[in-house]
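**Student:** Just so you know, we're using my numbering here: the sequence shown kicks off at 128 and counts up by one.
Take this structure, written in C-alpha cells, and hold onto it; I'll ask about it next.
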Amino acid sequence: MADRMTPEQFKSEYRRKGWTGLALAERWSLSPAWISKLGNDPDREAHWDDAVRGLPTIKKLKSSSK
C-alpha cells in the first residue's frame, strides 16, 4: 500500500504534473475551495491520494514566436 501524502506532497504532486487547483476542480467536478480543503487535510481519505498519483501529466504547449 502506498504511503499517505502530506498536504505539501499532495499539492506538489498535482502541480508537478502540470495541474492547478482550478483545473483539478474542473476535472473532478468539484469546487476550487473543495480541492483546497482536500489538499490541506492530512487526514483526507486515501483514495484522494491515489487519484492525485494517477493524474495524467498535462503537456504544456510552447507558444511559437513569429
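C-beta atoms are modelled at their ideal positions from N, C-alpha and C, and glycine is treated no differently.
According to DSSP, is glutamate 140 part of a helix, a strand, or is it coil?
**Tutor:** Three-state result, glutamate 140: helix.
**Student:** How many Å lie between threonine 181 and methionine 132 at the Cα?
**Tutor:** Before going further, note that residue 181 is glycine rather than threonine in the sequence given. Their Cα atoms are separated by approximately 13 Å.
**Student:** Can you name the start and end residues of the alpha helix (DSSP H) that serine 180 belongs to?
**Tutor:** Residue 180 is actually arginine in this sequence, not serine. Arginine 180 -> alpha helix (DSSP H) spans 173 to 180.
**Student:** What number of angstroms, rounded off, separates the C-alpha of valine 179 from the C-alpha of lysine 186?
**Tutor:** Straight-line Cα distance between these residues: approximately 16 Å.
**Student:** Where do the N-terminal and C-terminal ends of the alpha helix (DSSP H) with leucine 151 fall, by residue?
**Tutor:** 148 to 154 is the span of the alpha helix (DSSP H), which, as asked, contains leucine 151.
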